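The block underneath contains the structure these notes are about, expressed in structure tokens.
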Amino acid sequence: MPSMPSLPLETSRRFSKVYVPQPIYLGLDIQFNRQKDLVEYCICTQDASYSVNSYLGDISLVEQKTEAEKLLFGEQQLINTIRRYADAQHFKIQTVGIGFQVDNDADDSDLLFKPPSLASKFWLELDAVPFIIHTTGSSLGVRACSALRKSTTWLSPQFPGNIPRINVKLRHEVEVALMRHALIRLFRLLNIDAHWYVAKPKPEVFDITKRKFHNVLQGVAPPDVRLTDADKVVFRKWSDENVNHYWNDAEGPLCTSDVIVIDDPQVSGIIPHIKRLAKSSTKIIYRSHIEIRADLIRQYPTGPQAETWHYLWDNFIRHADLFISHPVSNFVPDDLPLDKVVLMPATTDPLDGLNKAMEDRDILYYQLVFNRTCSDQGSREVDWRRPYIVQVARFDPSKDGAIIYEQAHKLVQSDRFTHINGDITVARLPPCDQLLNVVLRGAYVALQLSSREGFEVKVTEALSKGVPVIAFESGGIPLQIKHDFSGYLVPVGETGAVATLLFELFSNRDLRSRLSETAKNSVNEDYFTPVNAINWLFLCNKISENVNDGKGLDDAGSRRDSVRIGHGKWVKHLWYSV
Numbered sequence: 042m043p044s045m046p047s048l049p050l051e052t053s054r055r056f057s058k059v060y061v062p063q064p065i066y067l068g069l070d071i072q073f074n075r076q077k078d079l080v081e082y083c084i085c086t087q088d089a090s091y092s093v094n095s096y097l098g099d100i101s102l103v104e105q106k107t108e109a110e111k112l113l114f115g116e117q118q119l120i121n122t123i124r125r126y127a128d129a130q131h132f133k134i135q136t137v138g139i140g141f142q143v144d145n146d147a148d149d150s151d152l153l154f155k156p157p158s159l160a161s162k163f164w165l166e167l168d169a170v171p172f173i174i175h176t177t178g179s180s181l182g183v184r185a186c187s188a189l190r191k192s193t194t195w196l197s198p199q200f201p202g203n204i205p206r207i208n209v210k211l212r213h214e215v216e217v218a219l220m221r222h223a224l225i226r227l228f229r230l231l232n233i234d235a236h237w238y239v240a241k242p243k244p245e246v247f248d249i250t251k252r253k254f255h256n257v258l259q260g261v262a263p264p265d266v267r268l269t270d271a272d273k274v275v276f277r278k279w280s281d282e283n284v285n286h287y288w289n290d291a292e293g294p295l296c297t298s299d300v301i302v303i304d305d306p307q308v309s310g311i312i313p314h315i316k317r318l319a320k321s322s323t324k325i326i327y328r329s330h331i332e333i334r335a336d337l338i339r340q341y342p343t344g345p346q347a348e349t350w351h352y353l354w355d356n357f358i359r360h361a362d363l364f365i366s367h368p369v370s371n372f373v374p375d376d377l378p379l380d381k382v383v384l385m386p387a388t389t390d391p392l393d394g395l396n397k398a399m400e401d402r403d404i405l406y407y408q409l410v411f412n413r414t415c416s417d418q419g420s421r422e423v424d425w426r427r428p429y430i431v432q433v434a435r436f437d438p439s440k441d442g443a444i445i446y447e448q449a450h451k452l453v454q455s456d457r458f459t460h461i462n463g464d465i466t467v468a469r470l471p472p473c474d475q476l477l478n479v480v481l482r483g484a485y486v487a488l489q490l491s492s493r494e495g496f497e498v499k500v501t502e503a504l505s506k507g508v509p510v511i512a513f514e515s516g517g518i519p520l521q522i523k524h525d526f527s528g529y530l531v532p533v534g535e536t537g538a539v540a541t542l543l544f545e546l547f548s549n550r551d552l553r554s555r556l557s558e559t560a561k562n563s564v565n566e567d568y569f570t571p572v573n574a575i576n577w578l579f580l581c582n583k584i585s586e587n588v589n590d591g592k593g594l595d596d597a598g599s600r601r602d603s604v605r606i607g608h609g610k611w612v613k614h615l616w617y618s619v
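Sequential numbering from 42 applies to the sequence shown in our numbering.
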């Protein structure tokens, strides 16, 4: 049997100027040979259909003196070797499945687990999703191939190829999961016993919760869309089914948790079940992340917004112990006692695919992927050498997104825009964080022209990349932009003012540079994962100190006896003082 080849670090092939690097998946196994002071490794590669090859190699550690120096040197040499291999073969490494043999030595495990770990460097330096895999086998090659096979089972079969599969377990607990994913990951690293559960989807229920809960409460639904008695029956039945099938046993989350967070009205129907099944000391926090038009509820007491809100409040939400809202006063209905309301913004993560710094080779790769997507969709490709304006928004199916997408294409091709349609690209991107990262990062200026909005943390994501933002004064957007310092705020609908500001920015590069520098240096830490995690831990600890049995948000006695953590304040202001 022939021996394994060494890693090919050059090629004689020629590539087109517009080629997209081939996606490739790696399995890697490492072991330390203490006697020879070597790091021995095997790399197994696959193109998502077939195994490409396996390669053996080693790295000498003889010249490194301390154990720490040996680990760091071996780690960096390995990353550099893999980078050279990818460059030479014109590969884009999507994932690395890492098997590891440690010989019962704690120093070895530091390579994987002590920050900055080898796994995190694969993500931050190579833009490859790392999977740490437990493998067994008699050789490096067997273990590397095993790590490869196991890691690729966690991927969604979707271009561009490194989107982890959402794994939902027996109790509908999400294992690999924007904001919630990062929070759960951080809690796991801190050894905090936190879990995220999702309800089993049902199309007819989604239609109710999206169109008749969300869209109605946000004031974007047609005026004839109303919640019917039949809708209420379907919603209750679905809530009951989820509790009975997944969560109501003695070992389930409803019976064993100290604090349960209900995230939005979709799952508010399980609150009565929590009151019935949970320990008397269990506390319920209701988090509302959408815009609730408190002004319409107040102004039209028999209107659709008031009707939907009162159904949710009277039957479910009032039984919670604390209400979390975005920090926008009009998002808090008048029924809510302010002493049980706290404010907490949406957040994003500085190290995930949406925000991490990216090397030039990876930026080029995603620019090529973007243009390939445009080509496949019949849209114009982007000339990345030119300064461009970007607006990132969802084509939400429940808000006629598919129709609007087609209308946008027709509008661009109409006579009205003949003189500029060659400069406009409309693209519907796959759910890949790095694609959005690259598109935002390279923009000359970003727009967020939302007529109705919750918080829209895309604004912070653009600012953190040094991209000035021009936005409408909608929802929580004004909290993120310092007008005339990091961007501009414009009254909703005043597109003429937006055009004037765009003209000024493109005419005055010094102005754009000033805004860019200010944007990058003045991003608020409140809108990132670490502060978000502290907020949640503070709330859970404080609310658990309340010895009152918890009679709900509308019980005056309960509020009087409870730990004082509400009063419509930002959560951070309750634990942090300058």
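Think of the CB as a built atom: it goes at the ideal place given N, C-alpha and C, for glycine as much as any other residue.
Predicted, not measured: the structure shown is a model, and the values here were computed from it.
So which of the options has the shortest CA-CA distance to residue i?
i, options, result
"Val498", "Ile331, Asp265, Ser298 and Leu615", "Ile331"
"Tyr96", "Val308, Gly534 and Cys85", "Cys85"
"Val467", "Asp567, Leu490, Cys415 and Gly507", "Cys415"
"Pro64", "Val274, Leu196 and Glu586", "Leu196"
"Glu292", "Ala319, Pro378, Leu504 and Gln475", "Ala319"
"Phe73", "Pro62, Val61, Lys111 and Ser92", "Lys111"
"Lys561", "Ile518, Pro571, Asp290 and Ser505", "Ser505"
"Val699", "Leu69, Gly534 and His450", "Outside the displayed range of the chain (42 to 619) lies residue 699, so it cannot be described from this structure."
"Arg421", "Arg457, Lys241 and Val453", "Val453"
"Glu558", "Gly507, Phe436, Ser585 and Pro571", "Gly507"
"Pro472", "Gln118, Val539 and Ala434", "Ala434"
"Ile303", "Arg469, Thr194, Arg359 and Asp265", "Arg359"
"Leu324", "Tyr352, Asp336, Leu295 and Gln307", "The sequence shown places Lys at residue 324, not Leu. Of the candidates Tyr352, Asp336, Leu295 and Gln307, the one whose C-alpha sits nearest the C-alpha of Lys324 is Leu295."
Measuring only the C-alpha atoms, how far is residue i from residue j?
i, j, result
"Trp425", "Gln408", "8 Å"
"Ser187", "Ala484", "41 Å"
"Cys581", "Asn356", "24 Å"
"Ile249", "Arg267", "10 Å"
"Ser370", "Phe544", "34 Å"
"Leu67", "Asp393", "20 Å"
"Ser455", "Ile445", "15 Å"
"Arg620", "Pro244", "What the structure shows of the chain is the stretch from 42 to 619, and residue 620 is not part of that stretch, so it cannot be assessed."
"Asn283", "Asp390", "30 Å"
"Lys583", "Arg229", "21 Å"
"Arg221", "Tyr327", "15 Å"
"Pro428", "Leu102", "47 Å"
"Trp616", "Phe579", "7 Å"
"Arg555", "Gln475", "26 Å"
"Leu298", "Asp88", "Checking the sequence, you will find Ser at residue 298 rather than Leu. When rounded, the distance between both Cα atoms is 43 Å."
"Leu552", "Asn462", "27 Å"
"Pro532", "Glu514", "5 Å"
"Phe364", "Lys273", "23 Å"
"Asn412", "Asp376", "50 Å"
"Leu546", "Ser527", "12 Å"
"Val217", "Thr541", "For Val217, the pLDDT reaches just 42, beneath the cut-off of 50, and the residue's location in the model is therefore unreliable, leaving the point undetermined."
"His236", "Thr388", "19 Å"
"Lys77", "Arg184", "21 Å"
"Gln418", "Met399", "26 Å"
If you drop the 5 nearest sequence neighbours on each side, which residues of the same chain put their C-beta closer than 7 Å to that of residue i?
i, result
"Leu48", "Ile84, Tyr96, Gly98, Thr122 and Tyr126"
"Asn576", "Met385, Val612 and Lys613"
"His608", "Leu379 and Asp380"
"Thr349", "Lys253, Phe254, Val257, Leu258 and Leu268"
"Ala347", "Ile338 and Tyr341"
"Phe132", "Pro62, Gln63 and Ile65"
"Val382", "Phe364, Ser366, Val373, Gly607 and Gly609"
"Glu51", "Ala129"
"His450", "Val467"
"Trp164", "Val170 and Pro171"
Given residue i, which residues of its chain have a CB within under 8 Å of its CB, disregarding the five upstream and five downstream residues?
i, result
"Ile430", "Ala484, Tyr485, Val486, Ala487, Leu488 and Leu543"
"Thr536", "Leu490"
Considering only residues of the same chain and omitting the five flanking positions on each side of residue i, which have a CB-CB separation below 6 Å?
i, result
"Phe372", "Glu332, Ile333 and Ser366"
"His524", "Leu530"
"Pro201", "Caution applies to Pro201, whose pLDDT of 49 falls short of 50 and renders its modelled position unreliable; the model cannot decide the point."
Confirm the yes/no value for this check: CB of residue i, any heavy atom of the ligand GTP, distance under 6 Å.
i, result
"Gly138", "You won't find the ligand GTP in this model; it holds no ligand whatsoever."
Open item on the list: Between the stretch 308-319 and the stretch 337-344, can you find at least three pairs of beta-carbon atoms closer than 8 Å?
Closed with: no
Task: Complete beta strand (DSSP E) runs within the stretch 342-428 (minimum length 3 residues, chain order) - done: 363-366 and 382-384
Task: Whole runs of the beta strand (DSSP E) within the stretch 46-120, excluding any shorter than 3 residues - done: 63-74, 79-87 and 92-101
TODO: Can you check the stretch 522-562 for any alpha helix (DSSP H) of at least 4 residues that lies completely inside it and give the ranges in chain order?
DONE: 536-548 and 550-562
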